[in-house]
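J.: Sharing a structure here in structure tokens format.
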């Protein structure tokens, strides 16, 4: 069964630990709520930071609450190139071996040796959604987008399942600019093969055929 999955654009932002936040904003500082985001319990904060790389910086970057166990900066590939950082595509939370940066706040600076990632495109859904869509946590799927004149298929979309989630696919600004000219874009999961087919091998076969 195919159901429409809302597609949301996730612009560059920061998830911050409480320890790092207080170093940057002061010992007694707390996050100040501005508005709720689409995923339950997630919200935009009033506080902003500067993210500095070897070749440039982004001022006034948004912080999303609540606090995380570890600070993580999410950029697009274009964003990483502009400030001179390698763009590593990772799932959220997988920051080991990722590049670092300098965070600049009103009360201090923090040099991170890792934590900057390009978030892998993904779909949030509940277990009930997963049953309906016949997928499971950490599956990777193809998603066909509906967009007038710019429809495309995204591969390597990670499925993330939890009762706390609301159904939505998240892409970064680079990915959104590739297709989205709709006010409320959406996609559907599509399957080209049976469950035993190796899609990575299929992609390699197609590409090797092009090079012949």
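Residue numbers (this note's numbering): 41 to 252.
From the three backbone atoms N, C-alpha and C, an ideal C-beta is built for every residue, glycine too.
Please confirm whether residue 140 and residue 152 have their CB atoms less than 8 angstroms apart.
T.: In contact: residue 140 and residue 152 (Cβ atoms closer than 8 angstroms).
J.: Using a C-beta cutoff of 8 angstroms, does residue 203 count as contacting chain C?
T.: Reference to chain C is not applicable here, since this structure consists of a single protein chain.
J.: Candidates 227, 244, 243, 246: which alpha carbon is nearest residue 47's?
T.: Closest by alpha carbon: 227.
J.: May I have the straight-line CA-CA distance separating residue 203 from residue 43, to the nearest angstrom?
T.: Cα to Cα, residue 203 sits roughly 18 angstroms from residue 43.
J.: Would you mind sorting residue 188 into buried or exposed? The rule is 16 or more other CB atoms within 10 Å of its CB.
T.: With fewer than 16 Cβ atoms within 10 Å of its Cβ, residue 188 is classed as exposed.
J.: In three-state DSSP terms, what is residue 192?
T.: Coil, per DSSP.
J.: In the DSSP assignment, find the unbroken beta strand (DSSP E) run with residue 156 in it and report its ends.
T.: Run containing residue 156: 156-159, per the beta strand (DSSP E) assignment.
J.: Can you tell me whether residue 72 is buried or exposed? The criterion is at least 16 other CB atoms within 10 Å of its CB, across all chains shown.
T.: Residue 72 should be labelled exposed.
J.: Given that a residue counts as buried once 16 or more other Cβ atoms are within 10 Å of its Cβ, and exposed if not, what is residue 215?
T.: Residue 215 should be labelled buried.
J.: Give the C-beta separation of residue 115 and residue 103 to the nearest angstrom, bearing in mind that I take them to be a contact with Cβ-Cβ under 8 angstroms.
T.: About 14 angstroms separates the two Cβ atoms, so there is no contact after all.
J.: Around the C-beta of residue 86, are 16 or more other C-beta atoms found within 10 angstroms, so that it is buried, or is it exposed?
T.: With fewer than 16 Cβ atoms within 10 Å of its Cβ, residue 86 is classed as exposed.
J.: List the endpoints of the continuous beta strand (DSSP E) containing residue 118.
T.: First-last for residue 118: 117-122, but that is the alpha helix (DSSP H), not the beta strand (DSSP E).
J.: Verify whether the separation of the beta carbon atoms of residue 166 and residue 51 is less than 8 angstroms.
T.: No. Outside cutoff.
J.: Suppose contacts are defined by Cβ-Cβ distances below 8 angstroms. Is residue 230 in contact with residue 173 by that definition?
T.: Taking 8 angstroms as the Cβ cut-off, residue 230 and residue 173 do not qualify as a contacting pair.
J.: Measure the C-alpha to C-alpha separation of residue 159 and residue 113 and round it to an integer number of angstroms.
T.: Cα-Cα distance, rounded: 9 angstroms.
J.: Pop quiz: residue 107 and residue 65 are said to be a contact at Cβ under 8 angstroms. What is the actual Cβ separation, rounded to whole angstroms?
T.: Actually they do not touch by this definition, with Cβ atoms about 12 angstroms apart.
J.: Quick one: measure Cβ to Cβ for residue 122 and residue 96, integer angstroms, because I've assumed they're closer than 8 angstroms.
T.: Correct: roughly 6 angstroms between the Cβ atoms.
J.: From the DSSP output, in three-state form, read off residue 167 for me.
T.: Here residue 167 sits in helix by DSSP.
J.: Measuring only the C-alpha atoms, how far is residue 132 from residue 119?
T.: Their backbone Cα atoms lie some 17 angstroms apart in a straight line.
J.: Please report the Cβ distance between residue 199 and residue 175, rounded to the nearest whole angstrom; I am assuming they are in contact, meaning their Cβ atoms lie under 8 angstroms.
T.: So it is a contact: roughly 5 angstroms between Cβ atoms.
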